[in-house]
C-alpha cells in the first residue's frame, strides 16, 4: 500500500494489483448522519445521494450518460460517520472517474427537481420501515442505548417530517459546513501506477481548499442506564 497526502490535507492510498485491468475507487469524506442538524434528520443522506445529480461542470444526466458509456459503476453511500463515493472502472478510465468524483464532491448544485425525487425515495423508505420488523427492533434498541439528543440516536434515513422540510439551501449549507478535504481519504486499488494516481488526484481534488476543520459532532455526557431494567416492546 502506497500512502501520500495532498497539500490540502486529503490522504491518498494506492494498492497496485495486476489481477485485472480494472480499478476500484473509494472516496471517503468524514461526514455522516451524526452531523445531521436537529430537526433535519436524514440531511447527510440526502446530500450524499444528490452528489451525482449535477455539478457546476456536468448535469446529472451527463454524469449518468458518461458513466454508462465508460461501462463503469458509481455509487454514493452514507453511514453514521462517513459519505463514500465508490466506483469500478477500467484502468484507462480512472482519470475520468476521478474527475467526476472531484466535481461531485466539491461542486454539487443540488437541482431542485432532482431533490424532490430524492425526498420521495427517502419518504418511501421511511414508510416501508414501518413494516420491517428488523428495522423496528433496531430502532427500539437504539432508543434504549442512547439518550435524547445523542447523535447516535438520530435516524440516518430521516423522519417523514424532516425529509419534507429539506430545501436546496439546507443541502448547500450542509455541504459547505461539513464537506472538507482534511480527513478525506481517496483509495485506489488495481492495475494502475501510483504516480499517475497522485497526479490525477492533484488535478481533480488538489485545488479543493477550506479553512478550519468542522470537527466531530457534540456528544452529551452520559454514564449509561442508572440500573439494569427490563422493558417489553411489541413489534406489530
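Residue numbers (our numbering): -15 to 220.
The beta-carbon is built from N, C-alpha and C at its ideal position, and this holds for glycine as well.
- Counting only runs of 4+ residues fully inside the region 110 to 167, write out the alpha helix (DSSP H) ranges in chain order. Every unbroken stretch of the alpha helix (DSSP H) spanning 4 or more residues and falling wholly within the region 110 to 167 is given here in chain order: 117 to 129, 144 to 149, 152 to 162.
Neighbourhood of residue 74 by C-beta distance below 8 Å, restricted to the same chain and skipping five residues each side: Hits under 8 Å: 5, 6, 7, 54, 55, 56.
Item to complete: Using a threshold of 7 Å, state whether the C-beta atoms of residue 10 and residue 68 are closer than that.
Response: It is a contact, given that the beta carbons lie within the stated cut-off.
Check: Taking the Cβ atom as the reference point for each residue, do residue 0 and residue 35 lie within a distance shorter than 7 Å?
Finding: Cβ distance not < 7 Å, so residue 0 and residue 35 don't count as in contact.
- Pick from 136, -6, 137, -2: whose alpha carbon is nearest that of residue -14? Comparing Cα positions, the closest option is -2.
Practice prompt. Whole angstroms is fine: what's the gap from residue 194's alpha carbon to residue 42's?
Written response: Rounded to the nearest angstrom, the two C-alpha atoms are 23 Å apart.
### Message
Tell me the residue span of the alpha helix (DSSP H) that contains residue 184.
### Response
For residue 184, the enclosing alpha helix (DSSP H) stretches over residues 178 to 189.
For residue 28 and residue 15, which I take to be in contact (beta-carbon distance under 8 Å), what is that distance rounded to the nearest angstrom? Contact between residue 28 and residue 15 holds, since their C-beta atoms are separated by about 6 Å, short of 8 Å.
Next on the checklist: Short of 7 Å in beta carbon distance, which residues of its chain neighbour residue -6, apart from the five on each side in sequence? Order them along the chain.
Outcome noted: For residue -6, where only same-chain residues beyond five positions count, the Cβ hits under 7 Å are 165, 168, 170, 189.
Minimum length 4: unbroken alpha helix (DSSP H) runs contained in the region 47 to 106
If only complete runs of 4 or more residues are kept, the region 47 to 106 shows the alpha helix (DSSP H) at 78 to 90, in order along the chain.
Terminal residues of the beta strand (DSSP E) in which residue -7 lies
Boundaries for residue -7: no beta strand (DSSP E) harbours it, and the DSSP string shows neither H nor E there.
On the DSSP bridge assignment, give the partners of residue 4 in chain order. For residue 4, which the question treats as bridged, DSSP gives no partner whatsoever.
Cα-Cα separation between residue 151 and residue 96, rounded to whole angstroms: Straight through space, the alpha carbons of residue 96 and residue 151 are spaced by roughly 8 Å.
- Could you spell out the range, first to last residue, of the beta strand (DSSP E) harbouring residue 174? Run containing residue 174: 169 to 174, per the beta strand (DSSP E) assignment.
TODO: Using 10 angstroms around the beta-carbon of residue 90, count the other beta-carbons present and answer buried if the total reaches 16, otherwise exposed.
DONE: It counts as buried.
Just list the residues that DSSP pairs residue -2 with in beta bridges.
Residue -2 is bridged to -14, 172.
Assuming the contact rule is C-beta atoms closer than 8 Å, residue 138 and residue 20 should be a hit. Round their C-beta distance to whole Å, please. Contact between residue 138 and residue 20 holds: their C-beta atoms lie close to 6 Å from each other, under 8 Å.
### Contacting residues, own chain, Cβ-Cβ under 7 Å from residue 33 (five flanking each side not counted)
Cβ neighbours of residue 33 within its own chain (closer than 7 Å, five residues either side excluded): 60, 102.
Out of curiosity, what's the CA-to-CA distance linking residue 81 and residue 159? Counting only the Cα atoms, residue 159 lies some 21 Å from residue 81.
For residue 98, collect the residues of the same chain with a Cβ closer than 8 Å to its Cβ; drop the 5 residues on either side in sequence, then sort them by chain order. The residues are 34, 37, 38, 44.
Exercise for the section: Pull up the DSSP beta-bridge partners for residue 287, would you. Expected result: Any answer about residue 287 is impossible in this case: the structure gives the chain only from -15 up to 220.
Note to self: I believe residue 64 touches residue 126 by the beta-carbon criterion, under 8 Å. Please report the beta-carbon distance rounded to the nearest angstrom.
What the structure shows: Going by Cβ atoms, the distance from residue 64 to residue 126 rounds to 11 Å, so no, they are not a contact pair.
Item checked: 8 Å Cβ shell around residue 48 - same chain, five flanking residues per side excluded -> So the list reads 36, once near-sequence residues are dropped.
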